[in-house]
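Residues in the sequence shown are numbered consecutively from 2, following our numbering.
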Amino acid sequence: MNLVENIWQFLRDNWLSNRIFSASDQIVALCCDAWPNLTDRP
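Encoded structure:
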């Protein structure tokens, strides 16, 4: 997988899975909340 695919996989596995979103804004907000956790990992 390339870098972008790895990031999406990480987000899906840890923050986006098993959820139902009523608007794309919710997905963006959750990704913004998850981003600091992603950047803390090597």
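All residues carry an ideal CB built from backbone N, CA and C; glycine is no exception. Quantities reported herein were computed from a predicted structural model and do not represent experimental measurements.
Nearest-angstrom Cβ-Cβ length linking residue i and residue j, presumed shorter than 8 angstroms
i   : j   : result
L39 : F11 : 6 angstroms
A35 : W16 : 4 angstroms
Residue i in three-state terms, based on DSSP
i   : result
R13 : helix
I21 : coil
D26 : helix
Continuous alpha helix (DSSP H) stretch holding residue i: start and end
i  : result
N3 : N3 -> no alpha helix (DSSP H), and no H or E assigned at all.
Inter-residue Cα distance where the pair is residue i and residue j
i   : j   : result
F22 : D41 : 26 angstroms
E6  : N19 : 19 angstroms
P37 : V29 : 14 angstroms
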